[in-house]
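>
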RNA sequence: GGGCGGCUAGCUCAGCUGGUUAGAGCGUCUCGUUUACACCGAGAAGGUCGGGGGUUCGAACCCCUCGCCGCCCACCA
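In our numbering, the protein residues as written are 3 to 888.
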């Protein structure tokens with residue numbers, strides 16, 4: 003016998019172990035089976051499961067389980083990301099906390115060794131947390147972006163792209179993070195609005211004939227100024243073009259140049275040019291062949307290119323000093339406060355500096371073209387579609403991707419330098435040396451590039467590197483391209499776009515057929531969850547509190563497209579209750595001997611209730627299937643919820659009761675078998691979203707006397723024949739339900755005592771309706787709690803009439819009736835009908851409507867009007883009689 | 001400055017290519033120990049679909065416009 007409720011705490015770990023040990027997570031071997039592949043967005047090894055992961059991975063699991071049950075070779079390939087900066091940060095912090103020597107003192111090799119040790123101990127945390135959610139990943143294929151295979155893939159890609167001239171070394175301005183002292187890519191820069199100042203500085207003309215005023219928010223950069231630019235057609239400055247100003251503090255003469263970049267509307271119209279520390283100025287500098295004077299070191303302190311007094315000063319200190327000195331020189335011409343955007347490193351939070359260095363770049367523009375085409379052609383489809391715009395927008399304006407990082411944790415760049423600076427790019431040191439030997443004609447000492455690659459470089463290869471590429475493995479042949487990628491919009495640029503580029507370039511095929519972009523989870527107030535706000539919801543705690551299924555169902559139900567999800571506990575609680583409801587329905591079935599019958603064919607059932615529920619089950623199965631195919635997760639859960647609670651529990655189980663307690667043995671046998679069949683179908687349909695409770699019920703509602711032969715996780719998905727639909731049964735049960743629903747409403751509004759069992763007298767009904775009501779008398783009797791069901795031309799005195807699905811009937815509540823309440827009820831019903839008549843009649847009186855609306859819509863309205871008029875007349879008659887009696 | 005998404009019941013959200021009386025869950029109110037379930041059952045109240053204009057026989061849905069809210073990209077003159 004089932005317990006009263008499901009106990010997730012004990013059942014979940016047990017069930018998960020069972021699944022894992024059964025081998026169900028691995029794709030089936032059948033070469034004929036179509037494949038369905040999802041590669042997990044690899045979580046950072048430093049991470050722990052947050053609610054966003056919970057959503058993202060739940061959806062992946064739903065899709066994977068769905069595909070698996072449909073007989074596909076379903077592979078959900080898991081793994082983790084080495085997360086360069088994040089991991090290096092964590093271990094550095096740990097070193098500091100333990101009072102150890104720092105990274106630099108420790109040395110590169112020892113430090114990296116230290117990270118591997120840390121990874122061995124803590125790197126598996128998040129993966130184990132995924133198990134608690136029920137994630138059915140094929141753990142035997144788990145990968146890590148820094149494992150040997152993936153590292154080999156990274157080297158191969160780098161070398162190949164270099165040979166194709168799609169990776170090159172270049173000296174240009176990069177976004178430099180002075181905190182981590184590494185270059186970062188454009189998209190790792192976050193523009194933050196901050197309060198700042200706008201200083202107006204006067205630069206005296208060299209010939210003493212006056213001055214020119216420039217405005218800046220970064221006065222310290224003037225130490226590296228090499229020109230002042232004005233617009234060529236700016237009358238104010240025309241005569242100054244070609245002259246020089248003497249740069250205050252520095253004393254260097256710099257030219258006044260004409261360039262379109264200068265905006266006459268902004269500031270004074272003259273702009274200082276610092277090619278070494280501003281992206282726009284850099285371009286101006288190139289156009290005019292200006293010297294590039296770098297005044298910052300890697301830590302963003304002023305270097306030796308500046309006057310001695312400034313050397314070693316922090317940039318913000320230098321800023322104050324420059325302003326003070328201008329003021330002292332009488333050259334400060336004004337200060338305004340402003341709010342403006344300042345670039346920050348997304349990891350460090352430090353203000354990023356444009357800085358001139360040598361870095362490795364990927365020619366993203368070239369790689370992007372086929373990646374754009376793949377989405378244009380529909381080879382890869384974004385879901386929801388509008389994200390394609392975001393993708394296109396970025397891809398069409400893509401800039402070279404800086405992939406080198408001055409870090410230690412990551413893929414070391416496979417480039418070696420000879421003594422003369424010649425670069426040998428090779429997959430191994432041996433190959434590099436061989437190439438050097440050929441180049442120099444003898445052996446030479448080579449020095450490997452110190453830098454590592456951007457973490458996203460290896461992530462970009464994830465869909466094929468994890469399947470064994472560059473080797474031509476059977477996995478690669480079988481599971482690539484993958485089917486669906488489920489991820490957040492925040493990494494469309496970082497990850498999705500780059501996987502598209504690399505995937506197409508190296509395999510000729512886009513890595514996914516479909517990219518499903520899931521929503522962002524916010525708290526109940528709509529605020530983004532963050533540790534500092536203290537509004538984070540820990541998914542593991544929610545699993546502890548409500549069970550994994552409840553959390554999964556909630557996240558799935560709320561993952562409507564293109565929308566933030568506001569997660570709140572009452573919602574999760576509601577879905578926990580839903581599980582309990584199902585559990586108890588199963589318990590009811592069990593108590594009534596509703597056990598699956600071997601060889602039972604629902605096609606053969608004869609009882610109306612059973613034919614009806616068969617058709618409804620078909621409908622639900624069809625709709626859930628379609629919804630899951632389309633990633634309409636919210637629709638899928640809504641259908642399941644309604645079918646299970648509002649149809650199976652509320653109506654079918656109630657209808658079954660009188661049958662199961664009745665005398666008709668044949669009907670009992672049939673209904674038991676049918677109830678068991680519907681329940682089994684429910685368990686299957688619900689399994690992808692709520693795997694634990696369904697698997698547990700599957701086991702506990704085993705065939706009579708025998709355990710199940712297999713687990714639900716690998717049980718075939720319901721594929722029901724269209725012939726299960728039964729319009730006649732549907733119409734009949736509709737009448738029964740209307741009879742009961744309307745009758746209940748009458749009882750409630752007239753305050754008929756719950757215990758009273760009034761007779762129900764049917765006064766007007768078609769022959770079919772009469773037959774239906776007759777055959778379902780027991781069912782109506784039980785659900786509406788009436789005495790007898792009779793057919794008489796007129797209701798007895800004191801009976802309360804109502805209309806259900808066009809049939810007129812009356813509840814004989816006699817002395818029980820509350821007259822004023824009854825009058826009010828009738829008046830309300832009449833008003834509703836009158837309103838409907840009014841609206842419909844108006845529509846039908848419109849000749850345009852008759853002429854232009856489709857005929858079926860017109861007919862529909864005619865019928866509607868007739869029905870409403872009939873109903874109104876009946877109700878009026880009843881009211882009149884009531885008045886005469888009362 | 002460019003772009004995207006949203007604005008529907010007290011709250012959170014559904015409403016497909018325009019077509020009956022705009023739905024659900026939660027919350028609220030009334031009633032209920034009917035042997036699956038109080039993590040339950042029955043009933044009820046509650047909405048001028050952000051404002052305005054237009055197209056149409058007909059608009060929550062299509063077009064224009066305005067207003068808020070959120071986000072992305074660009075912007076350190």
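Note that CB positions come from ideal geometry on N, CA and C, so glycine has one too.
Below 8 angstroms, can you find three or more Cβ-Cβ pairs linking the stretch 424–432 to the stretch 377–389?
They do not touch, by the three-pair rule.
> List the residues that DSSP assigns as beta-bridge partners of residue 202.
DSSP output for residue 202 lists 217 and 336 as bridge partner(s).
> For residue 8 and residue 663, what's the separation of their Cα atoms in angstroms?
Distance between the alpha carbons of residue 8 and residue 663: 27 angstroms.
> Put residue 408 into one of helix, strand or coil per three-state DSSP.
Coil, per DSSP.
> Nearest CA to the CA of residue 513: which residue from 377, 768 and 809?
Measuring from the Cα of residue 513, the nearest candidate turns out to be 377.
> Under 8 angstroms between the Cβ atoms of residue 439 and residue 447?
Their beta carbons are not under 8 angstroms apart, which means residue 439 does not touch residue 447 by this criterion.
> Do residue 344 and residue 334 have their beta-carbon atoms positioned less than 8 angstroms apart in this structure?
No; because the gap between Cβ atoms is not below 8 angstroms, this pair is not in contact.
> Cα-Cα, which of 328, 340 and 82 is closest to residue 269?
Cα-wise, what sits closest to residue 269 is 340.
> Compare the Cα-Cα distances from residue 280 to each of 221, 310 and 101 and report the closest residue.
With distances taken between Cα atoms, residue 280 lies closest to 221.
> Any contact between the stretch 38–47 and the stretch 577–584? By contact I mean 3 or more CB pairs, one from each, below 8 angstroms.
Taking 8 angstroms as the limit for Cβ pairs, the verdict is that the stretch 577–584 does not touch the stretch 38–47.
> Please report the distance separating the alpha-carbon of residue 417 from that of residue 301.
Residue 417 and residue 301: Cα-Cα distance of roughly 26 angstroms.
> Taking the straight line between their C-alpha atoms, what separation do you get for residue 231 and residue 202?
One C-alpha to the other measures close to 15 angstroms.
> Could you tell me which residues DSSP puts in a beta bridge with residue 160?
Answer by DSSP bridge pairing: none, since residue 160 is not bridged.
> When you compare each of 815, 394, 77 and 178 to residue 480 by their alpha carbons, which one comes out closest?
Minimum Cα distance to residue 480 is reached at 77.
> If you measure between the beta carbons of residue 292 and residue 229, is that distance less than 8 angstroms?
Closer than 8 angstroms, so yes.
> Using the C-alpha atoms, what's the distance from residue 468 back to residue 285?
If I take the Cα positions, the gap works out to 41 angstroms.
> Which residue comes first and which comes last in the alpha helix (DSSP H) that contains residue 301?
Element bounds for residue 301: n/a, residue is neither H nor E.
> I think residue 225 touches residue 112, with their Cβ atoms under 8 angstroms apart; what is that distance to the nearest whole Å?
Their Cβ separation, rounded to whole angstroms, is 38 angstroms, which puts residue 225 and residue 112 out of contact at 8 angstroms.
> Once the 5 residues before and after residue 851 are set aside, which same chain residues still bring their CB inside 6 angstroms of it?
Once the five neighbours on either side are set aside, the close Cβ partners of residue 851 are 845.
> In or out: residue 870 buried (at least 16 other Cβ within 10 Å) or exposed?
The residue in question, residue 870, is buried, as its Cβ has 16 or more Cβ neighbours within 10 Å.
> Rounded to whole angstroms, what is the Cα-Cα separation between residue 413 and residue 184?
Cα to Cα, residue 413 sits roughly 15 angstroms from residue 184.
> From the DSSP output, read off the bridge partner residues of residue 26.
None; residue 26 has no bridge partner.
> Answer with buried or exposed for residue 103, where buried requires no fewer than 16 other C-beta atoms within 10 angstroms of its C-beta.
Classification of residue 103: exposed, given that the 10 Å Cβ count is below 16.
> Quick one: is residue 331 buried, meaning 16 or more other Cβ sit within 10 Å of its Cβ, or exposed?
Counting Cβ neighbours within 10 Å, residue 331 comes out exposed, since fewer than 16 surround it.
> If you pair each beta-carbon of the stretch 712–721 with each one of the stretch 651–662, do three or more pairs fall below 8 angstroms?
The stretch 712–721, when compared against the stretch 651–662, does not touch it at the 8 angstroms Cβ threshold.
> Do you know offhand how far residue 244's Cα is from residue 170's?
Residue 244 and residue 170: Cα-Cα distance of roughly 37 angstroms.
> Which residues does DSSP pair with residue 626 in a beta bridge?
Paired residue(s): none; residue 626 is not in a bridge.
> Rounded C-beta distance between residue 881 and residue 835? I'm assuming under 8 angstroms.
Actually they are not in contact, since the Cβ atoms of residue 881 and residue 835 sit about 12 angstroms apart, beyond 8 angstroms.
> Three or more beta-carbon pairs under 8 angstroms between the stretch 75–90 and the stretch 137–154, yes or no?
Yes, the stretch 75–90 touches the stretch 137–154.
> Could you name the residues of the same chain whose beta carbon sits closer than 7 angstroms to that of residue 766, not counting the 5 residues immediately before and after it, in chain order?
Excluding sequence neighbours, residue 766 sits near 809 and 810.
> Got a sec? Which residues, its chain only, sit under 7 angstroms from residue 696 by beta carbon, not counting five neighbours each side?
Once the five neighbours on either side are set aside, the close Cβ partners of residue 696 are 685, 688, 689 and 714.
> Are the beta-carbon atoms of residue 238 and residue 208 separated by less than 8 angstroms?
Not closer than 8 angstroms, so no.
> Which first and last residues belong to the beta strand (DSSP E) in which residue 274 is found?
Per DSSP, residue 274 belongs to the beta strand (DSSP E) from 272–275.
> Could you say if the stretch 355–372 and the stretch 490–509 meet the contact criterion of at least three C-beta pairs nearer than 8 angstroms?
Yes: at least three Cβ pairs fall under 8 angstroms.
> Expressed to the nearest angstrom, what Euclidean distance is found between the alpha-carbon atoms of residue 889 and residue 137?
Not covered by the structure: residue 889. The range shown for the chain is 3 to 888.
> Taking the straight line between their C-alpha atoms, what separation do you get for residue 646 and residue 602?
The alpha-carbon atoms of residue 646 and residue 602 are separated by roughly 21 angstroms.
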